[in-house]
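Worksheet for the structure shown next.
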Amino acid sequence: MHLPEQKLKQILLESGLISEETFENAKTEAARSGQTIINILIGRGEMTEEYFAELLSQYLNVPLANLKERTPDPKNLALLPESLAKEKRVVVFEKEPGLTRVAMEDPADLETIEYLKQKLGGEIEPYLATPSDLRFAFKIYKKDIAKEFKKIIEENIAQTLTQTKEGKDLERLAENMPVISMVDNIVEYATISNASDIFFERSAEGVTVRYRIDGILRDIVAMPKEVHPGIIARIKILAALKIDEHRAPQDGRFKFKAEEQPVDIRVSIMPTFYGEKAVMRLLRSSARPLNLTDLGILSETKAIIEENITKTHGMILVTGPTGSGKTTTLYALLQILNKPEVSISTIEDPIEYDIQGISQTQVNPRANITFANGLRSLMRQNPDIIMVGEIRDNETADIAINSALTGHLMLSTLHTNDAISAIPRFLDLGIPAFLISSTLNVIIAQRLVRKNCIHCVRSIETPAEVKKEIEKQLRSVYGEGKIKRVIPAIIFQGAGCDVCGHTGYSGQIGIFEALNVSPRIRDLINKGLTASELKKIAMEEGMIFMFEDGLTKVEKGVTSIEEVLRVIKE
């Protein structure tokens with residue numbers, strides 16, 4: 001809910017939890033990043049969402065809803081349509097004759113309370129709901145949506161099969177309502193499910209639709225092979241691709257609106273043995289770039305990064321495999337650097353977030369805008385800071401290095417397994433060691449792990465075999481030296497519940513390491529030391545390695561040891 005800034009400050013300072021300086025710092029960051037002061041304070045760990053809710057409950061003299069402890073009956077939730085519940089930020093959780101209890105993000109919203117009286121009849125008793133309360137309730141709505149989705153798909157399949165038997169041509173088939181409805185519902189349900197990708201895969205048996213959710217592929221629905229031509233044709237029409245081309249790969253894009261939110265969808269069509277495979281990448285246009293704390297960067301690593309982004313020239317690299325969140329980290333860095341007194345330009349493929357105040361260019365090979373050509377052109381625009389989405393070849397690497405040498409701050413990504421491996425990778429791209437050492441400021445490596453579901457997470461005693469695996473990984477970090485970490489006696493994992501789809505996980509967070517290219521490291525790069533020798537010196541200088549970062553998050557209950565081991569071994 002919205003509170004006047006002075007009232008919010010008064011409530012927080014009187015609680016004794018934060019100082020005036022902390023509040024003012026959060027206020028400054030909120031103004032810069034577009035977040036609320038409360039989200040900044042919670043993200044920094046200054047307070048929990050639950051503690052702030054307690055303070056607000058006392059101030060408003062309204063009880064807390066605590067929906068995780070009193071799970072709403074779906075029948076009560078159904079008294080308000082999901083779209084209305086999300087718009088008003090309110091759900092019905094209890095109903096008795098003449099009285100309806102509602103959980104509201106803003107229980108002081110008298111206009112909404114009056115509206116609910118008219119709609120539901122009787123008296124309305126408002127309770128204070130936290131954002132996580134409402135997310136929990138909205139996921140219960142989702143269970144009914146899943147049933148409805150499967151019902152709609154089954155109906156559309158039946159109608160499409162009938163029309164396919166009637167011998168309709170591809171274009172007419174793709175423009176018919178059953179196929180349109182089927183594709184629209186698959187995309188909309190993917191958006192509701194927080195999927196990042198949709199896969200339409202053809203096999204001898206039929207068509208499988210899969211979603212990538214929190215980095216893991218899940219089978220969603222299986223369909224008969226007869227519907228495949230219509231679905232692929234519909235996707236091609238949406239993405240402005242050639243409907244009669246079946247032998248060559250095609251790439252396109254289109255806009256889609258789901259739950260009143262715009263989604264930018266990138267489409268890739270590839271011929272396979274049984275027919276064309278389509279993959280959609282979903283980019284939510286309304287999503288905001290995260291800050292470093294949101295990403296899950298620990299304070300020690302964050303300090304190294306923040307020290308290096310204050311430099312006016314040099315290179316900041318983010319490394320990791322595809323899908324590890326590198327671009328999101330670059331955007332978080334750009335958010336910090338984005339100030340009126342500097343000029344920032346980017347060359348990206350694709351542009352995932354639209355950031356006000358930054359000139360962003362999309363790679364377009366048809367217009368001869370590649371990373372290398374685009375970067376060469378950007379140099380003539382006299383920017384202070386340049387972000388190149390990816391260094392893929394020696395030409396881009398060479399221009400990027402020279403840009404960093406000539407007074408620009410350069411940000412980019414590279415595909416390597418860890419931070420130190422970026423140095424031999426640059427050597428492989430033909431960049432001399434003296435140029436690498438002269439330009440690199442910091443190298444950040446990362447992976448994404450799934451977060452334990454907060455609704456079913458539980459602690460368990462660390463099994464003996466898990467302790468052995470942790471020790472093995474720590475040995476690979478520290479080498480023959482003494483293991484500096486205590487192996488945790490207790491770890492956490494999600495048991496699986498309705499909210500997380502019985503996976504035990506919900507959402508993702510990063511695990512990181514940052515190599516500070518100190519004068520000593522620069523000297524060693526020039527001398528041609530091996531990666532293992534560089535690692536030893538980095539450890540002496542206090543570098544926290546990715547597995548250590550992951551283990552810290554395991555100890556805090558943020559993720560499971562299985563997740564950390566899964567991504568570390570990738």
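First residue of the sequence shown: 1, per my numbering; consecutive thereafter. Even for Gly, the Cβ is constructed at its ideal location relative to N, Cα and C.
With 16 other CB atoms within 10 Å as the buried threshold, where does residue i fall?
i, result
"L330", "buried"
"I216", "exposed"
"K549", "According to the sequence shown, residue 549 is Asp rather than Lys. It is buried - the Cβ of D549 has at least 16 other Cβ atoms within 10 Å."
"Y51", "exposed"
"E276", "buried"
"M387", "buried"
"G357", "exposed"
"H502", "exposed"
"V92", "buried"
"A419", "buried"
"K117", "exposed"
"K599", "Coverage of the chain is limited to positions 1 through 570, which leaves residue 599 absent and any answer about it impossible."
"G320", "buried"
"G430", "exposed"
"E114", "exposed"
"R101", "buried"
"K326", "buried"
"S506", "buried"
"P178", "buried"
"N368", "exposed"
Tell me where the alpha helix (DSSP H) around residue i begins and ends.
i, result
"V183", "177-192"
"G374", "371-379"
"T293", "292-295"
"I423", "422-428"
"L17", "It is not in any alpha helix (DSSP H) - L17 carries neither H nor E in the DSSP assignment."
"S572", "The requested residue 572 does not occur in the structure, where the chain is confined to residues 1 to 570."
"I269", "I269 -> not in any alpha helix (DSSP H); beta strand (DSSP E) instead, spanning 261-272."
"K75", "74-77"
"L474", "464-478"
"F547", "546-555"
"G45", "Element bounds for G45: n/a, residue is neither H nor E."
"A397", "394-405"
"P519", "519-526"
"L116", "110-120"
"T301", "299-308"
Per the DSSP calculation, residue i is bridged to which residue(s)?
i, result
"T208", "E201, A222"
"L411", "I316, M387"
"M104", "V90, L128"
"V342", "BP columns for V342 are empty, so no partner."
"R485", "Note: R485 sits in no beta bridge, so no partner."
"I511", "R447"
"I213", "A195, I216"
"Y505", "N452"
"E348", "Q362"
"V227", "Partner(s): none; V227 has no beta bridge."
Can you give me the start and stop residues for the beta strand (DSSP E) that residue i sits inside?
i, result
"S324", "Careful: S324 lies outside any beta strand (DSSP E) and carries neither H nor E."
"A258", "250-258"
"V62", "Note, V62: premise wrong, no beta strand (DSSP E); not H, not E."
"E461", "457-461"
"A419", "Element bounds for A419: n/a, residue is neither H nor E."
"Q362", "359-362"
"A239", "A239 -> no beta strand (DSSP E), and no H or E assigned at all."
"L492", "Looking at the sequence provided, one finds Phe at residue 492 rather than Leu. Unbroken beta strand (DSSP E) run through F492: 490-494."
"M280", "275-284"
I'd like to know whether the C-beta atoms of residue i and residue j end up nearer to each other than 8 angstroms.
i, j, result
"I391", "L411", "no"
"V466", "I561", "yes"
"R202", "Y211", "no"
"I544", "E513", "yes"
"L405", "T439", "yes"
"Q360", "T370", "no"
"D73", "R89", "no"
"P229", "R247", "no"
"V363", "D354", "no"
"I423", "L534", "yes"
"I509", "V554", "no"
"E46", "I18", "yes"
"V183", "A258", "no"
Assuming residue i and residue j are in contact, meaning their beta carbons sit under 8 angstroms apart, how far apart are those beta carbons, in whole angstroms?
i, j, result
"V318", "N441", "The Cβ separation is near 12 angstroms, so there is no contact."
"A129", "A65", "5 angstroms"
"M280", "I180", "About 16 angstroms separates the two Cβ atoms, so there is no contact after all."
"V267", "R253", "6 angstroms"
"Y141", "E82", "4 angstroms"
"F256", "I265", "5 angstroms"
Can residue i be considered in contact with the ligand SAH, in the sense that its beta carbon sits closer than 7 angstroms to one or more heavy atoms?
i, result
"G430", "Ligands displayed in this structure: none; no statement on the ligand SAH is therefore possible."
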